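Shown next, in structure tokens, is the structure this report addresses.
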């Protein structure tokens with residue numbers, strides 16, 4: 003068992019050593035390359051249809067284009083739209099949001115945006131929330 007561990011450890015050390023040598027060579031030759039990723043969003047804009055004086059929930063799925071881990075924060079431009087979690091980490095994140103229509107009347111519309119600031123770039127997701135009274139006909 004110990005022999006297998008040392009063989010694996012030695013192979014790993016050699017692999018890491020080669021990667022470091024390649025990276026140092028890139029630095030010496032001033033041709034350092036960076037991996038960049040972008041975010042893929044499940045929605046380009048949020049359309050929220052709600053009733054007056056209630057709280058509606060929804061979600062926005064965020065994932066990195068190449069599967070790499072991304073760190074980001076989420077901000078909203080209007081107090082009625084609140085994100086349940088304002089920070090995310092990982093290659094995929096589900097951003098839950100709540101819209102509070104307290105005090106709105108039927109026909110009122112609120113517009114704003116959700117801003118995502120991450121190490122994969124900054125993204126603006128506009129939203130429009132409309133309060134409509136739903137009538138039940140029989």
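Residue numbers (this note's numbering): 3 to 140.
Beta carbons are placed, not taken as given, at the ideal position from N, Cα and C, and that holds for glycine.
Being a predicted model, the structure only gives us computed values, none of them experimental.
Same chain only: Cβ atoms within 8 Å of residue 107, ignoring 5 sequence neighbours per side: For the purposes of this step, residue 107 is identified with residue 105 of the chain shown, where counting begins at 1. Here the set comprises 54, 133.
Quick check: what's the CA-CA separation for residue 6 versus residue 20? Numbered from its first residue, the chain shown carries residue 6 at position 4. Numbered from its first residue, the chain shown carries residue 20 at position 18. Its pLDDT being 47, under 50, residue 6 is placed unreliably in this model, and the value from its coordinates should be taken loosely. Using only the alpha carbons, I get a separation of about 21 Å.
Check each candidate in 52, 127, 128, 79 and name the one with the smallest Cα separation from residue 102. In the chain shown, counting from the first residue as 1, residue 102 sits at position 100. The alpha carbon of residue 102 has as its nearest neighbour, out of 52, 127, 128, 79, the alpha carbon of 52.
State buried or exposed for residue 120, treating a residue as buried only when at least 16 other CB atoms are found within 10 Å of its CB. Residue mapping note: residue 120 aligns to position 118 of the chain shown, counting from 1. Buried is the call here.
Rounded to a whole number of angstroms, what is the C-alpha to C-alpha distance between residue 66 and residue 72? As a position in the chain shown, residue 66 is number 64, starting the count at 1. As a position in the chain shown, residue 72 is number 70, starting the count at 1. When rounded, the distance between both Cα atoms is 7 Å.
What does DSSP give as the partner residues of residue 102 in its beta bridges? By 1-based counting over the chain shown, the position of residue 102 is 100. For residue 102, which the question treats as bridged, DSSP gives the partners 57.
Residues near residue 4 by beta carbon distance below 6 Å, same chain, minus five either side: Taking the first residue of the chain shown as 1, we reach residue 4 at position 2. With a pLDDT of 45 at residue 4, under the threshold of 50, the predicted position of this residue should be treated as unreliable, though the coordinate-derived value follows. Hits under 6 Å: none found.
Alpha carbon to alpha carbon, how far is residue 94 from residue 123? Reading the chain shown from its first residue, position 92 is the one you call residue 94. Reading the chain shown from its first residue, position 121 is the one you call residue 123. Going from the Cα of residue 94 to the Cα of residue 123 covers about 15 Å.
DSSP three-state assignment for residue 45, whether helix, strand or coil: Within the chain shown, residue 45 is the residue found at index 43, counting from 1. Residue 45 falls in the coil class under three-state DSSP.
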